[in-house]
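Data block below; observations after.
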Amino acid sequence: MAVNADPSVVVIGCGIAGIAAAGKLVKAGFRNVRILEATARSGGRIQTGRLGDTVVEIGASYIHGPSEENPLFRLARDRGLLPPEALTAENQAVAMGECFPGVPNWFSSSGRKLSSERMNPALEMFIEVLDATSQFVNKKETTWASVGHFMRSEIEQRTAERWTGKDATTKALLRCAISARMKEECSANAACTMNEVDLLGFQTYKHLCGIDCMIPGGYEGLIGRLMSELPTELVSYNRPVRCVHWNNTDKRETAVMVECHDGEAIAADHVVLTVPLGYLKRNHSTLFSPPLPGVKSLSIQTQAFGTCNKIFMEFDSPWWDTGIEVIYFVWEDEEDIVDQVTDISKFWIRKMSIFTVIKSSESHVLCGWISGHESEYMESVPEDDLRSSITELIHRFTGNPQIIPRRILRTQWFHDPWTYGSFFNTAVGFSEKDMENMMAPLPMEGSHSQPLQVLFAGEATHPHYFSTVHGALLTGWREADRLISHYTPRG
């Protein structure tokens, strides 16, 4: 049993991980808990906005795997936030992975609308090859350099074997469609190219059953409900942290002192750090005193944190078919299975190959997805140039020069000084040991100092549900459980 009966805990960051950690500690009886949030709002990378009358998700969009196994699903369901179809047993039983359901619309760069029947072989081939990566689950080594290298090789082999009866034009078009789908996979992984995603690391992610769903009123509705269940005045907003001074040995009553940018010094027995990995990669050298242990610092530096952005577009009327959920743009010169561009300043918009339809009874809105360095460049394009590029792209692919976006809204996560990107991915060289180092509390094993001085949470510290909101939620609970266990009498 620990000596201190009323420990002080400072949670840094009021995203879902920080809210989860604080909520569980308060519920367990911890009376001295405080959250420091650098910005003026709660939610972190959960942020809901509006484009005209339509609710859009600036940050996290989906509940991935909405089923009983997903604690995020249960939280949202119990608070009445989910659409009726997500609550059905049928939806919860479907093993979708992260593939978009429903019939897509396809458009080509020559301004033609392509039939789904004609393009289905490309979609089926891609999903089949993506599923084939599962043969590397629990493998310790592979000769493949990356997910991209493996998939390209498999696509070459399988298309050569199965598409022999197709004419050259059709085969070329289908290969270009696979390129579009490969770019979509880059967005799902916040990757520059699938050639940079580790094949074995890729298999450490675990999918939950259920067709991905959204919260109709916006993800921030869940944040608001969770915040309302915490004590008032628990969060201090606009309170960025300059440095976490840990392992204090100067006879202070607490082992940790949190130094804020405004000069406030907060003594604590424990700190739960929930900042995004992108921020940690940029600032870890100055955020801790003494510096992080070398092994932990190295793991932070070697882990990857990529960028995936969205561009929302509102139109006067839909130019896609009724009931369509996803639209693909196929460049007809990309039969070499392309997932990145050669000249970002000229061709960045080519990376945006997929558009999802935002369900709304009031307006007609699409969400274009873009990742990697092209996504980072997009953030800095002037507003007028962005609008022109989007408009020209739509004119080219639809063949209709009358289609003009009424409003456009983009996300800019790479240039956000509190995130520097979107979410974690398993870059080439990924190791489970690095993940263990990431989530290990300070001081690390072997030290005789006061334990659990600084604990680490956030989606990038979950070994199987990284890049998801439910992963972030679980890590907040995990670190709260460490402290609860530490202060619970044995026996």
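Per our numbering, the sequence shown starts with residue 211, numbered consecutively. Where is the CB? At the ideal position from N, CA and C, for every residue including glycine. These numbers were taken from a predicted model, which means no experiment stands behind them.
| Query | Result |
| --- | --- |
| Assuming Arg407 contacts Val357 under a Cβ cut-off of 8 angstroms, what Cβ separation, rounded to an integer in Å, is found between them? | The sequence as given places Val at residue 407; Arg does not occur at that position. About 4 angstroms separates the two Cβ atoms, so the contact holds. |
| Which residue spans inside the segment 441 to 497 form an unbroken beta strand (DSSP E) run of at least 3? | 451 to 455, 466 to 470, 475 to 478 and 480 to 483 |
| By the three-class DSSP mapping on this structure, what secondary structure does Met588 have? | helix |
| Name, in chain order, the residues that DSSP records as bridge partners for Glu267. | Thr258 |
| Please name the residue, chosen from Ile425, Ala400 and Ile222, that lies closest to Ser570 on a Cα-to-Cα basis. | Ile425 |
| Apply the 10 Å Cβ neighbour rule to Arg241 and answer buried if 16 or more other Cβ atoms are within range, or exposed otherwise. | exposed |
| Between which two residues does the beta strand (DSSP E) harbouring Lys520 extend? | Cys518 to Phe525 |
| For Thr484 versus Ala231, is the C-beta spacing smaller than 8 angstroms? | yes |
| CB Asn301 to CB Gly420, shorter than 8 angstroms? | yes |
| Leaving aside the five residues before and after Ser319 along the sequence, list all residues of the same chain whose C-beta is less than 8 angstroms from its C-beta, in chain order. | Phe539, Val540, Trp541, Glu542, Asp543, Arg606 and Phe607 |
| On the DSSP letters alone, give me the boundaries of the alpha helix (DSSP H) that Val505 sits inside. | Gly504 to Thr512 |
| Could you round the C-beta distance between Ile256 and Ile226 to whole angstroms and report it? I think they count as a contact, below 8 angstroms. | 6 angstroms |
| Per DSSP, which residues does Lys323 bridge with? Please list them. | Phe317 |
| What span of residues does the alpha helix (DSSP H) with Val357 cover, start to end? | Val357 to Arg372 |
| Using the beta-carbon count (16 or more within 10 Å), is Val213 buried or exposed? | Note that Val213 has pLDDT 42, beneath the 50 cutoff, so the model's placement of it is unreliable and no number is given. |
| Given a threshold of 16 other Cβ atoms within 10 Å of its Cβ, counted over all protein chains shown, does Met211 qualify as buried or as exposed? | Caution applies to Met211, whose pLDDT of 33 falls short of 50 and renders its modelled position unreliable; the value that the coordinates give is listed next. Exposed, since its Cβ has fewer than 16 Cβ neighbours within 10 Å. |
| Mind checking Gln345: buried by the 16 CB within 10 Å criterion, or exposed? | exposed |
| Tell whether a beta-carbon distance below 8 angstroms holds between Asn448 and Thr629. | no |
| Ser325 to Thr380, Cα distance in whole Å? | 12 angstroms |
| What is the DSSP secondary structure of Arg385, counted as helix, strand or coil? | helix |
| Classify Leu693 as helix, strand or coil using the three-state DSSP reduction. | helix |
| Can you tell me which of Val548, Gly686, Thr621 and Ile580 puts its alpha carbon nearest to the alpha carbon of Ala398? | Ile580 |
| Give the range of the beta strand (DSSP E) segment to which Arg620 is assigned. | Arg617 to Arg620 |
| Using the Cβ count rule (16 or more neighbours within 10 Å means buried), how would you classify Val265? | buried |
| So, using beta-carbon positions, are Phe515 and Leu487 closer together than 8 angstroms? | yes |
| With H, G and I counted as helix, E and B as strand and the rest as coil, what does DSSP make of Thr380? | helix |
| Hey, out of Ile547, Ile604, Val591 and Val567, whose CA is closest to Arg391's CA? | Ile547 |
| Considering Cα atoms alone, identify which of His359, Arg362, Met404 and Ser585 is closest to Ala637. | Met404 |
| In three-state DSSP terms, what is Val213? | Low confidence applies to Val213: its pLDDT is 42, below 50, so where it sits in the model is not reliable, and the reading given next is rough at best. Looking at Val213 - three-state DSSP - the assignment turns out to be coil, as it is neither helix nor strand. |
| Under 8 angstroms, do Leu683 and Pro281 count as touching if we go by C-beta distance? | yes |
| Can you give, in chain order, each stretch of the beta strand (DSSP E) that sits fully within the segment 532 to 579 and has at least 3 residues? | 536 to 540 and 564 to 568 |
| Alpha carbon to alpha carbon, how far is Val451 from Ile433? Give it in angstroms, no decimals. | 22 angstroms |
| I need the DSSP call for Ile425, collapsed to helix, strand or coil. | coil |
| Should Cys224 be labelled buried (16 or more other beta-carbon atoms within 10 Å of its own) or exposed? | buried |
| Once the 5 residues before and after Val647 are set aside, which same chain residues still bring their CB inside 7 angstroms of it? | The residue you asked about is not Val; residue 647 is Asn in the sequence shown. Correct list, in chain order: Val505, Lys506 and Ser509. |
| So, at 7 angstroms on beta carbons, what are the nonlocal neighbours of Ile365 in its own chain, with the 5 sequence-adjacent residues on each side left out? | Met335, Val339, Ile388 and Ile547 |
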